[in-house]
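Report on the structure given below.
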Amino acid sequence: MSHDLSVRFLGVRGSIAVPGEGTLAGGNTACLEVTAGDTRIILDAGTGLRTLGNERMAGGPRHSTILLSHLHWDHVCGLPFFTPVYVPGHRVEIASGPNGVLPLEEAVRSLFRAPFFPVEFGDLGGQLSTRELRAGEAFQIGDIAITMARLNHPDPVYGYRLEYAGHSIVYATDTEHFACVDPTLKRLAAGADILIYDAQYTPEEYPTKVGWGHSTWAAGAELARAAGVPQLVLFHHDPARTDAQLAEIEAAARAALPGTVAAREGLTLVAREAEPLLAKARGVEERIAAA
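No gaps in the numbering here: position 86 of the sequence shown is 115 in our numbering, and each next residue is one more.
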């Protein structure tokens, strides 16, 4: 049991997984684990979910809760490879807000269906259930209080604020900024310890990507300052972005907002002491540079 609110990054890439020598900072798509007390919550189910599923098999059956920001492929493609859904005794609940097209259960069932996948939903040995959340809903999962909000994206996307013992982490991926600071995100992130924010594009790239539902490090820094968040984490890295380019973006963002870090697989941040743990991120940078 941990008395800290922490987040661990298992997948940090956007759009599609990109394994390779140039993406050692992380080639898996979106997947994070937030931990506090006896509670563990998974955010998104990209390809990074596979590793987490294998970890979950140790120590006997358990309950896994997965909060989805939305249902685009890069955020759900890890679900069929999450081992607990196949093992009797494990319980897996998948929750998200309305997607505007299908009930959540029907959408999840479609991931386990021929001709796209060889195992049918009805054949799963584990107990997999779904929970349709309401936009703007506040609820509790174990020791963690959660508030959700709809973000700015062509398809419905939801951000989450997770709170425990006076500390909070905000997850806001696949969201596009406005000409002003997004008022919904400013409210959601107000006073949080850590803001994990979609920074798929650079400010120079963004003019050709308007309306695609993604943002920049500059908009993330502006939001963090406006919301009074001390720790900004850049997330949902473009699949074409190399480690060297990611380091350059991180340096530019850190110059504008000291302490900013680009999410990397394996990085863990603790809400009450996020700044000291940036040393770990810098250590990852050094190992990549030496490789």
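From the three backbone atoms N, C-alpha and C, an ideal C-beta is built for every residue, glycine too. These numbers were taken from a predicted model, which means no experiment stands behind them.
- Message: According to DSSP, simplified to helix, strand and coil, what is Asp184?
- Response: coil
- What's the call for Ser158, buried or exposed, on a 16-neighbour Cβ count within 10 Å? With fewer than 16 other Cβ atoms within 10 Å, it is exposed.
- Query: Does the beta-carbon of Gln169 have 16 or more other beta-carbons within 10 angstroms, so that it is buried, or is it exposed?
  - Reply: exposed
- Message: I need the DSSP call for Val121, collapsed to helix, strand or coil.
- Response: Val121: strand per DSSP, three-state reduction.
- DSSP puts Ala260 in a beta bridge; with which residues? One point to set straight first is that residue 260 is Gln, not Ala, in the sequence displayed. Gln260 is bridged to Ile223.
- Task: Tell me Gln156's beta-bridge partners as DSSP assigns them.
- Result: DSSP lists Arg120 as partners of Gln156.
- When the Cα atoms are used, what is the spatial distance from Ala285 to Gly240? Roughly 25 Å separates the two Cα atoms.
- Task: Indicate whether Leu263 and Ala292 have their beta-carbon atoms separated by less than 9 Å.
- Result: yes
- State whether the region 41-59 contacts the region 69-82, with contact taken as three or more CB pairs (one from each stretch) at a distance under 8 Å. They touch, by the three-pair rule.
- Would the region 221-235 and the region 199-209 be scored as touching if the rule is three or more Cβ pairs under 8 Å? yes
- Query: If we count Cβ pairs, one from each stretch, closer than 8 Å, do we get three or more for the region 94-101 versus the region 113-131?
  - Reply: yes
- Message: Helix, strand or coil for Leu298? Go by DSSP, reduced to three states.
- Response: Strand, per DSSP.
- Message: Quick check: what's the CA-CA separation for Asp152 versus Arg163?
- Response: 29 Å
- Message: Please tell me whether Ala282 and Thr271 are closer than 9 Å, where the distance is taken between their beta carbons.
- Response: no
- For Ile198, which three-state DSSP category applies? strand
- Message: What does the alpha-carbon distance come out to for the pair Ala250 and His265?
- Response: 15 Å
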